[in-house]
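Presented below is the structure to which this report refers.
Numbering (this note's numbering), first residue to last: 13 to 158.
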């Protein structure tokens with residue numbers, strides 16, 4: 013199976029290219045995107061706080077609120093900006109006493125469209141049998157001519 017950009021199972025995912033041109037410094041573009049994600053998410057969803065963590069080895073958590081993690085994963089110039097229900101010990105311990113899972117999933121369903129509008133330049137339309145992903149530019153990106 014082919015390799016593709018990672019993101020947590022069950023997450024809402026927006027895709028973007030990191031390198032638009034040959035002269036781009038990919039590390040600088042990545043750091044600018046990370047700053048943009050943090051600033052935009054905190055402005056749009058004030059419940060998020062900065063968080064420095066990882067889900068596994070490839071999925072970097074940038075922000076966290078009571079219900080969800082927001083993060084970024086990259087592979088070969090493709091960035092997956094994702095929003096997923098928290099999956100840490102403190103979340104599940106709190107869920108044991110006051111169930112949060114249903115509220116978290118409801119909240120994620122409510123904000124998913126807005127999240128994709130904020131960050132999605134590409135839309136995943138399918139995969140080949142070897143695992144390679146096929147993307148198309150999102151309509152909003154095509155409409156403004158970028």
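Ideal Cβ positions, reconstructed from N, Cα and C, are used throughout, including at glycine.
Cα separation between residue i and residue j?
i	j	result
residue 116	residue 98	8 angstroms
residue 140	residue 62	36 angstroms
residue 64	residue 44	16 angstroms
residue 112	residue 119	10 angstroms
residue 90	residue 134	10 angstroms
residue 84	residue 114	24 angstroms
residue 82	residue 37	24 angstroms
residue 52	residue 21	23 angstroms
residue 154	residue 60	Reliability of the predicted coordinates at residue 154 is poor, the pLDDT of 49 falling under 50, and no value is obtained from them.
residue 108	residue 79	14 angstroms
residue 77	residue 54	10 angstroms
residue 106	residue 100	10 angstroms
residue 142	residue 50	34 angstroms
residue 126	residue 146	23 angstroms
residue 39	residue 69	18 angstroms
residue 48	residue 128	14 angstroms
residue 150	residue 93	15 angstroms
Go to residue i, then tell me how far its beta strand (DSSP E) extends in each direction, as first and last residue.
i	result
residue 65	61-67
residue 25	24-29
residue 148	145-149
residue 71	71-76
Pop quiz: residue i and residue j are said to be a contact at Cβ under 8 angstroms. What is the actual Cβ separation, rounded to whole angstroms?
i	j	result
residue 95	residue 23	6 angstroms
residue 67	residue 131	About 18 angstroms; that fails the 8 angstroms criterion.
residue 144	residue 137	About 12 angstroms separates the two Cβ atoms, so there is no contact after all.
residue 86	residue 25	Not confirmed; about 13 angstroms, so no contact.
Tell me the residue span of the alpha helix (DSSP H) that contains residue i.
i	result
residue 88	It is not in any alpha helix (DSSP H) - residue 88 carries neither H nor E in the DSSP assignment.
residue 138	Counting along the chain, residue 138 falls outside any alpha helix (DSSP H), though it belongs to the beta strand (DSSP E) covering 134-139.
Would you kindly check if the distance between the Cβ of residue j and the Cβ of residue i is under 8 angstroms?
i	j	result
residue 103	residue 71	no
residue 30	residue 41	yes
residue 123	residue 57	yes
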